[in-house]
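In the numbering used here, the protein residues as written are 1369 to 1540.
The beta-carbon is built from N, C-alpha and C at its ideal position, and this holds for glycine as well.
The structure under discussion appears below in the form of structure tokens.
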Amino acid sequence: GFGVTGCRSIIGHVSGKKYAEVAYNFNAAFPSNVRNTVGVTVSSMVSGDVGDDNANEVGVRSYRYVYQLTSSLGELDLAGTNPGIMRIAYDAGTGELWLAINGGDWGGGSFSVGDPETGSDPIVTLPDPSITHYLFANFESSFLPLHVVTLVEHEEDMTYPIPAGFTSWATL
């Protein structure tokens, strides 16, 4: 059977430009039966359905499919890698969100390639950024003991540089 494991940041934001990373380690090749979801949520719980019931939430599933209100917004040009670092840039003042994996472009695929530093082409703009948003990540898999997900919210622990004009998610 499948199980779900996940985590959500303690710190939420309603203002500021924030950056974080989510590190996935599959301890094996990227398995086809894993549904990993990462994004921002207004919920106190982390489930596989984030992005399904609230327009102010967005989730990226299986490293490429962006969901909001159960609808796919498009597909990112991202490949599953081990370990994979999902990079998240979120402007809490405007609700704009950018995503990238490892050192790749922000967006891509069926989305325009954007740039959080210039504010161009976010993946999505959430309709009500005045609501406190939290970073989250989870797994749904039959191989949960083999998988690790880590929220990286402090600059000194990050793999990639923070985009200019942004601060780490942990910064108040």
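Check	Outcome
Short check: CB of Pro-1497 to CB of Trp-1466, under 8 angstroms?	no
Could you name the residues of the same chain whose beta carbon sits closer than 6 angstroms to that of Ser-1480, not counting the 5 residues immediately before and after it, in chain order?	Asp-1489
For the beta strand (DSSP E) containing Glu-1464, name the first residue and the last one.	1464-1469
Please report how far the alpha carbon of His-1522 lies from the alpha carbon of Val-1434, in whole angstroms.	25 angstroms
Assuming Thr-1535 contacts Gly-1384 under a Cβ cut-off of 8 angstroms, what Cβ separation, rounded to an integer in Å, is found between them?	7 angstroms
For Ile-1378, which three-state DSSP category applies?	coil
Going by Cα to Cα distance, which pick from Ala-1391, Ser-1377, Val-1382 is closest to Thr-1527?	Ala-1391
Taking all protein chains shown into account, decide if Ile-1519 is buried (16 or more other Cβ within 10 angstroms of its Cβ) or exposed.	The residue you asked about is not Ile; residue 1519 is Leu in the sequence shown. Label assigned to Leu-1519: buried.
Is the distance from the Cβ of Tyr-1502 to the Cβ of Thr-1405 below 8 angstroms?	no
Considering Cα atoms alone, identify which of Gly-1452, Asn-1470, Ser-1377 is closest to Val-1516.	Gly-1452
Mapping the DSSP letters down to three states, classify Asp-1525 as helix, strand or coil.	helix
Buried or exposed: which applies to Ile-1378, given that a residue is buried once 16 or more other Cβ atoms fall within 10 Å of its Cβ?	exposed
According to DSSP, Phe-1573 sits in a beta bridge with which residue or residues?	Because residue 1573 is not part of the residues shown, which for the chain are 1369 to 1540, the question remains open.
Starting from Gly-1461, follow the beta strand (DSSP E) in both directions and report where the run begins and ends.	Careful: Gly-1461 lies outside any beta strand (DSSP E) and carries neither H nor E.
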